[in-house]
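Residue numbers (the working numbering), protein chains in the order written: chain Z, 4 to 656; chain G, 386 to 883.
Report on one structure; see the data block that follows.
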Amino acid sequence: MTSALALYTAIPLVCLAGSLIAGFFGRILGTVWTHRIVILGIAIAFALSAVYALPRTMAGHDLDATVYLWGRAGGLPLTVGFLIDPLTALMMVVVTFVSLMVHIYTIGYMRGDPGYQRFFSYIALFTFAMLMLVMANNFLQLFFGWEGVGLVSYLLIGFWYTRESAIFASLKAFLVNRLGDFGFILGIAAIYTVFHSLDYATVFAHVDAARHARLAIIGGTSWHMLTVICILLFIGAMGKSAQMPLHVWLPDSMEGPTPISALIHAATMVTAGIFMVARMSPLFEQSPVARSVVLVVGASTAFFMALLGMVQTDIKRVIAYSTLSQLGYMTVALGASAYAAAIFHLVTHAFFKALLFLAAGSVIIALHHEQDLRKMGGLRRYMPITFAATWVGSLALAGIPPFAGFFSKDAIIDAVSYSTLPGAEYAFAAVLAGVFVTAFYTFRMLFLAFYGEPRMDAHTRHNLHESPWVVTLPLVLLAIPSVLAGMVLIRPLLFGHFFRGALYVRAADNPLTRMASHYHGVLAFIGTAFVSAPLYLALAGIATAWYLYIYRPELPARITHHLHGFYTVLRAGYGFDAVYLDGIAASARAAGRFLWRVGDVQLIDGAIVNGTARLVGRIAAWGRRLQSGYIYHYAFAIILGLFVLMTFFLHRG
Amino acid sequence: MDVYRHIALSIAIWLPIVFGVAILLGGRRYPGLVRPLAAVGALATFLVTVPLWGLFHNDSFAMQFQESVPWIPAFHINYALGIDGISLPLVLLTSLIGVIVVMAAGPAVKDRVPEYFAAFLIMEGLMIGVFSSLDAMLFYVFWEAMLIPMFLIIGIWGGPNRVYATIKFFLYTFLGSVLMLVALLYLYFRAGETFNIISFYHLPLGETPQILIFLAFLIAFAVKIPMWPVHTWLPDAHVEAPTGGSVVLAAIMLKMGAYGFVRFSLPIVPLASHVLAGLMITLSLIAVVYIGLVALMQDDMKKLIAYSSIAHMGFVTLGIFLFNRIAMEGALVQMISHGFVSAALFLCVGVLYDRLHSRAIHDYGGVANRMPIFAAFMMLFAMANSGLPGTSGFVGEFLVILGAFKVNFWYAVLVATSLISGAAYTLWMYKRVIFGPVTKPSVAGLSDVTGRELSFLAVLGVAVLALGLWPAPLLHVMTASVHHLLWRPGVRLAGVTP
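The following block contains the structure:
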């Protein structure tokens, strides 16, 4: 093992070590030593990622190496190994940084919880699994990390396991993700069938040769194998990155403690699907059909989930629907072949969304675990740091220059306008309209929580105060990149050579090269925004929110009343949950009950097994004169049968 | 070491039987010695089998550790033993589970204690005999004899409906194996009056006899696995069996049917195996899909795990009849993994049953509040049962899915539905039993695992994780044998090139 590989291996392992120590010895160590040890591990992982992995890959030293041979099956070597290139290094920095912030924040948020050590064990395990996912150099390990983060997500959504709503949400999240993983594992199997390898490098090197491979699916129809592979892999991404119609688990995942909503269900795990598709860009570039699917699914998610954000009353659910919508934006970018823009938005979103969630968490602790926006209001006087942090996060999310989200979102909208795939017009309209809706729901939340008259009860109001430093420090540290990341990163990520070969785009339809020709620096980019639609849509959204929730706060109730039907549809989330619960889950249970009661009990056991027994009984009753006693009848039948069959066989030869 | 090579298998078979008989004879007089003696017997057997792994030549498909002495010379029946890379892991699994069941027989076993341990030890020896016989008649004797202790275990230490379950089990399995005996006799005459299994491999058989022999074997093996639609004895047997009986039944006995296909059907009647592969694949896929749905609706935890076993064994039979190496190796890994996981889940139910005397899911809820360590272990095993990567349950399923896609897209789609159904029935059960608030006074009185329970759960937990994180050693052991099975000179079973 080279020293580089050893150092890279150490990065996930320190997280795993922290998790195991917290899990097995947490009780002995006590709360303080548990979080000290776990945070030390995460800090080491962050430091190694930021000062070793990132500079090293930026200097052009990629690494693609095997850690160990997991197994060799059917001649196929299956390994655990790392591919550290700029894409991976960037993800490692983002994951470990947000994770570190969330770990520190957890000290404040989970103080006094009986599961304190267990919580630290889980989030450190999550960081380990997420790192294994982004560092993988093959599909097997990718799937390991993929399901590993899913496991921890399940454990953390159901962290408060005595709450019925939490354990329901955790099971739902796991099963919906499994629906996606079902596609994902078939995609991996398809890759094995076509390429006889699961290593990224081998697969990508042979993409050209596989271009003409086809797969017969039903009757005479056959599909391009690469399209099948891409769509199957994307189904996995739809589960993990919560794209319609597999998005239903993410709003419910808010049942988990807020730190994990920030880390897992906003900043990192849910972006695994985006990362995976970007990683697979050499495959997706071969299939316009698959990219068209990606584009349409992403655009639908971006717009329709944003609409749902407007009617939520739970502060965390507003941000959750916002996350869904923003993941849709990233997905649209993938479909438009602007992989770099998707990753750019992934990075800025990780900062400002983690910031918004942690700020919301700060509000929630201050209000003694009250999450209902209708019981907030006027908090700006009591919680200045949280208030400022929410402003920064909201401006970034709404896409106001020069905050981080502005650059990445504008880049995506720009890129879609260049796309010529079927569905591109729809996608463009959706992401553009989404800008208005995003700004509206974001500032609706901000105004409802921090402005107007306080609506909480008097006792809570008297005890309101800013959260402790372990909570506010991460807010400040996340606010900085939420402001700066866009300006700093736009040039290297979108128009520079940061990613080099990590993201592959066919030259002919590379939207970023076209955009690069118009790019004349950060200030010019901001200047252009003032003469294009998105910025004005965002400002209009903010203005509308201001008008409805500060200037004329009595209006929303009247609008809701007049648009009752539309409002009901939005509150019901378009009925997806009903379809899953009353449609799919109920029919699976009904089918199970039918197959059991009718298939097993009545047909197989009733008619055949016991029926045979009855038949034997009847024959036996008839033959009672010859023999007596039950077991002898069976023995007689057996010997007779044996004799007949033997005779038959021997004569047939 | 040379001596060991020639007696190891015999010791592994007879040592537990000798201990079992000794306990049977002396247990009444020295009741205090029964448990220590049983523990020593099981542990010694396990230790005897461990060096088999180290001394095994991984690169050879040949039978190793062979022994052969004439047994009934008049009919050329030999006491012939030997193992290859397919049977070695099963022998080790058996001896490990032997230790586990002895550890698992806690204070809950109160009646006829000497007979209980004797039955398990004798059964262990007989099962190792099944996996290491190279003479078909010897195999048949072990195969039938091992059922007797199992009948007794269910019939004596079983639940209230044990008589029905025992008779059902007996009829199914006994009727099944009678036809196998017919087929073996036919082969005996065709091979020139020998029961040597390896010599059966070289018989030039026509298509019709091949198909008839295949069907005769099929009934015997399909019942044992069990395959749909001859599976209905298994849930009943599990429900009535005591915990140890369920563990052995699920972990070892179900594997014998699959072992039979690999040891007998495929190599002896390759043509028929090919011709009837479609049937086998169909039945396997039905097992995965149909049983996956049925398992969802079970309220009895043991029934649920029993149905889950049938679905998981569907992966095994599918992997065997896809005729490619990756699927076959997946099937064999799945057999070992299922041995660990199903044993562990039945033990978990046993831990709960010993405390509350109920297997009904609705009698529990919120167990995690009272038994956090137990909840953590059961989570691990539930996840393994759902095929989570990093646990043994993933390895076999993953390889079978890879192999299935290679053969047919739809096979892969159908078998991969277990990713969803397996997680659904396992985790839904887990949620209802372990999570939630404590609402029942009986659950409020639960105490966490004892040291004894912790030790056997930990052993299986380590096994599940080790196999999940590093299956390479297990895969390596079987590679040569699987390759030989599919590409034996002159008989090309596999449809695709290696």
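Beta carbons are placed, not taken as given, at the ideal position from N, Cα and C, and that holds for glycine.
Need the endpoints of the beta strand (DSSP E) that Ile230(Z) sits in, please. Position 227 of the first sequence, counted from the start, is the residue given in the question as residue 230(Z). In the sequence under discussion, the amino acid at residue 230(Z) is Thr, which differs from the Ile named in the question. Segment 228-243 is the alpha helix (DSSP H) holding Thr230(Z); no beta strand (DSSP E) there.
Taking the C-alpha atoms as reference points, what is the distance between Leu358(Z) and Ala392(Z)? By one-based count along the first sequence, residue 358(Z) stands at place 355. By one-based count along the first sequence, residue 392(Z) stands at place 389. Each residue's alpha carbon lies about 7 Å from the other.
Would you tell me roughly how many angstroms separate the C-alpha atoms of Lys800(G) and Asn466(Z), rounded to the nearest one? Locating residue 800(G) in the second sequence gives position 415, counting from the first residue. Locating residue 466(Z) in the first sequence gives position 463, counting from the first residue. Reading off the sequence, residue 800(G) comes out as Val, not Lys. Whole-angstrom Cα-Cα distance: 57 Å.
In terms of residues, what are the limits of the alpha helix (DSSP H) holding Gly74(Z)? Position 71 of the first sequence, counting from 1, holds the residue named residue 74(Z). Looking at the DSSP string, Gly74(Z) is not in any alpha helix (DSSP H); the run it does join, the beta strand (DSSP E), is 66-76.
Near Ile277(Z), which residues of its chain fall below 6 Å by C-beta distance, leaving aside the five closest residues on each side in sequence? Walking along the first sequence from the start, residue 277(Z) turns up at place 274. Excluding residues within five positions, the ones whose Cβ falls inside 6 Å are Ser244, Met333, Ala345, Leu349.
Can you give me the start and stop residues for the alpha helix (DSSP H) that Val358(Z) sits inside? As a working mapping, residue 358(Z) is identified with position 355 in the first sequence. In the sequence as displayed, the identity of residue 358(Z) is Leu instead of Val. For Leu358(Z), the enclosing alpha helix (DSSP H) begins and ends at 342-369.
Which term fits His106(Z), buried or exposed, when burial requires 16 or more other beta carbons within 10 angstroms of its beta carbon? Mapped onto the first sequence, residue 106(Z) falls at position 103. Burial of His106(Z) is indicated by the presence of at least 16 other C-beta atoms within 10 angstroms of its C-beta.
Alpha carbon to alpha carbon, how far is Arg414(G) from Val632(G)? Counting from one through the second sequence, the residue named residue 414(G) turns up at place 29. Counting from one through the second sequence, the residue named residue 632(G) turns up at place 247. Their Cα atoms are separated by approximately 29 Å.
Are any of the Cβ atoms in chain Z nearer than 8 Å to that of Ala857(G)? Counting from 1 along the second sequence, the entry for residue 857(G) is found at position 472. Closer than 8 Å: yes.
Using the Cβ count rule (16 or more neighbours within 10 Å means buried), how would you classify Trp795(G)? In the second sequence, the residue the question calls residue 795(G) occupies position 410. By the neighbour-count criterion, in which 16 or more other beta carbons inside 10 Å mark a residue as buried, Trp795(G) falls on the exposed side.
Ile591(Z) CB to nearest chain G CB: under 8 Å? In the first sequence, the residue the question calls residue 591(Z) occupies position 588. According to the sequence provided, residue 591(Z) is Ala. The question's Ile does not apply to it. Yes, its Cβ sits closer than 8 Å to a Cβ of chain G.
Burial state of Glu557(Z), where buried means 16 or more other Cβ atoms lie within 10 Å: Here residue 557(Z) corresponds to residue number 554 of the first sequence, with the count starting at 1. When all chains shown are included, Glu557(Z) counts as exposed.
If the cut-off is 7 Å on Cβ atoms, which residues from the segment 647-681 of chain G count as contacting chain A, listed in chain order? Protein chains in the displayed structure are Z and G, and chain A is not among them.
Using a Cβ-Cβ cut-off of less than 9 Å, give me the residues of the segment 825-836 of chain G that come near chain Z, in sequence order. Listed by position, the residues of the segment 825-836 of chain G near chain Z (Cβ gap below 9 Å) amount to none.
Beta carbon of Ala710(G) nearer than 8 Å to that of Gly78(Z): Here residue 710(G) corresponds to residue number 325 of the second sequence, with the count starting at 1. Here residue 78(Z) corresponds to residue number 75 of the first sequence, with the count starting at 1. Just to set this straight, residue 710(G) is Arg in the shown sequence, not Ala. A Cβ-Cβ contact shorter than 8 Å links Arg710(G) with Gly78(Z).
Since Tyr464(G) is in the alpha helix (DSSP H), which residue starts that stretch and which ends it? Locating residue 464(G) in the second sequence gives position 79, counting from the first residue. Not the alpha helix (DSSP H): Tyr464(G) falls in the beta strand (DSSP E), residues 462-468.
C-beta neighbour in chain G for Met104(Z), strict 8 Å: The count along the first sequence starts at 1 and reaches residue 104(Z) at position 101. No, Met104(Z) does not count as interfacial toward chain G.
Counting only C-beta atoms, is Trp872(G) closer than 8 Å to chain Z at any point? Position 487 of the second sequence, counted from the start, is the residue given in the question as residue 872(G). Not an interface residue.
Using a Cβ-Cβ cut-off of less than 9 Å, list which residues of the segment 711-725 of chain G approach chain Z; keep chain order. Going along the segment 711-725 of chain G in chain order, one finds Ile711, Ala712, Met713, Glu714, Gly715, Val718 with a Cβ nearer than 9 Å to chain Z.
Which of helix, strand or coil DSSP assigns to Val654(G): Indexing the second sequence from 1 puts residue 654(G) at position 269. Coil.
Report the rounded CA-to-CA distance for Arg740(G) versus Ala493(G), giving the unit in angstroms. For the purposes of this step, residue 740(G) is taken as the residue at position 355 of the second sequence. For the purposes of this step, residue 493(G) is taken as the residue at position 108 of the second sequence. Roughly 9 Å between the two C-alpha positions.
Beta carbon proximity, Glu373(Z) to chain G, threshold 8 Å: Along the first sequence, one-based indexing puts residue 373(Z) at 370. Chain G contact via Cβ: absent.
Restricting to runs no shorter than 4 residues, where is the alpha helix (DSSP H) found entirely within the segment 427-499 of chain G? The segment 427-499 of chain G is shown to contain whole alpha helix (DSSP H) runs of 4 or more residues at 472-489, in chain order.
How long is the line joining the alpha carbons of His461(G) and Thr579(G), rounded to whole angstroms? By one-based count along the second sequence, residue 461(G) stands at place 76. By one-based count along the second sequence, residue 579(G) stands at place 194. Cα-Cα distance, rounded: 6 Å.
Give the secondary structure of Ala575(Z) by DSSP, where H, G and I count as helix, E and B as strand, and everything else as coil. In the first sequence, counting from the first residue as 1, residue 575(Z) sits at position 572. For Ala575(Z), the three-state secondary structure derived from DSSP is coil.
Report yes or no: is there a C-beta of chain G within less than 8 Å of the C-beta of Trp252(Z)? Mapped onto the first sequence, residue 252(Z) falls at position 249. At least 8 Å separates the CB of Trp252(Z) from every CB of chain G.
Use the C-beta contact count for Leu618(Z): other C-beta atoms within 10 angstroms, 16 or more gives buried, fewer gives exposed. The residue you call residue 618(Z) lines up with position 615 of the first sequence. Exposed: under 16 other Cβ atoms inside 10 Å.
For a contact meaning CB atoms closer than 9 Å, what does Tyr749(G) contact in chain Z? Position 364 of the second sequence, counted from the first residue, corresponds to residue 749(G). None at all; the shortest Cβ gap to chain Z is about 13 Å.
Would you list the residues sitting across from Ala139(Z) in a DSSP beta bridge? Taking the first sequence and counting its residues from 1, the one referred to as residue 139(Z) is at position 136. Per DSSP, Phe85(Z).
Can a CB atom of chain G be found closer than 8 Å to the CB of Ala76(Z)? Residue numbering aside, residue 76(Z) sits at position 73 when the first sequence is read from its first letter. At least one CB of chain G lies nearer than 8 Å to the CB of Ala76(Z).
Using DSSP bridges, identify the partner residues of Asn581(G). Your numbering for residue 581(G) matches position 196 in the second sequence. Answer is Asp520(G), bridged to Asn581(G).
Could you check the C-alpha separation between Leu103(Z) and Phe355(Z) for me, to the nearest Å? Mapped onto the first sequence, residue 103(Z) falls at position 100. Mapped onto the first sequence, residue 355(Z) falls at position 352. So the two alpha carbons sit approximately 15 Å from each other.
What does Phe147(Z) reach in chain G if we use C-beta pairs closer than 8 Å? Your numbering for residue 147(Z) matches position 144 in the first sequence. Near Phe147(Z) (Cβ distances below 8 Å), the residues of chain G are Pro774, Gly775.
Which of the residues in the segment 154-185 of chain Z, read from start to end, lie with their CB under 7 Å from any CB of chain G? Here the close residues are Leu154, Gly161, Tyr164, Thr165, Glu167, Ile170, Leu174, Phe177, Leu178, Arg181, Leu182, Asp184, Phe185.
My assumption, with CB atoms under 8 Å, is that Ala343(Z) sits in contact with Leu236(Z). Please give the rounded CB distance. As a working note, residue 343(Z) is residue 340 in the first sequence. As a working note, residue 236(Z) is residue 233 in the first sequence. Not confirmed; about 19 Å, so no contact.
Verify the CB distance criterion: does Lys791(G) have a CB-CB separation below 8 Å to chain Z? Position 406 of the second sequence, counted from the first residue, corresponds to residue 791(G). Lys791(G) belongs to the set of residues whose beta carbon lies under 8 Å from a beta carbon in chain Z.
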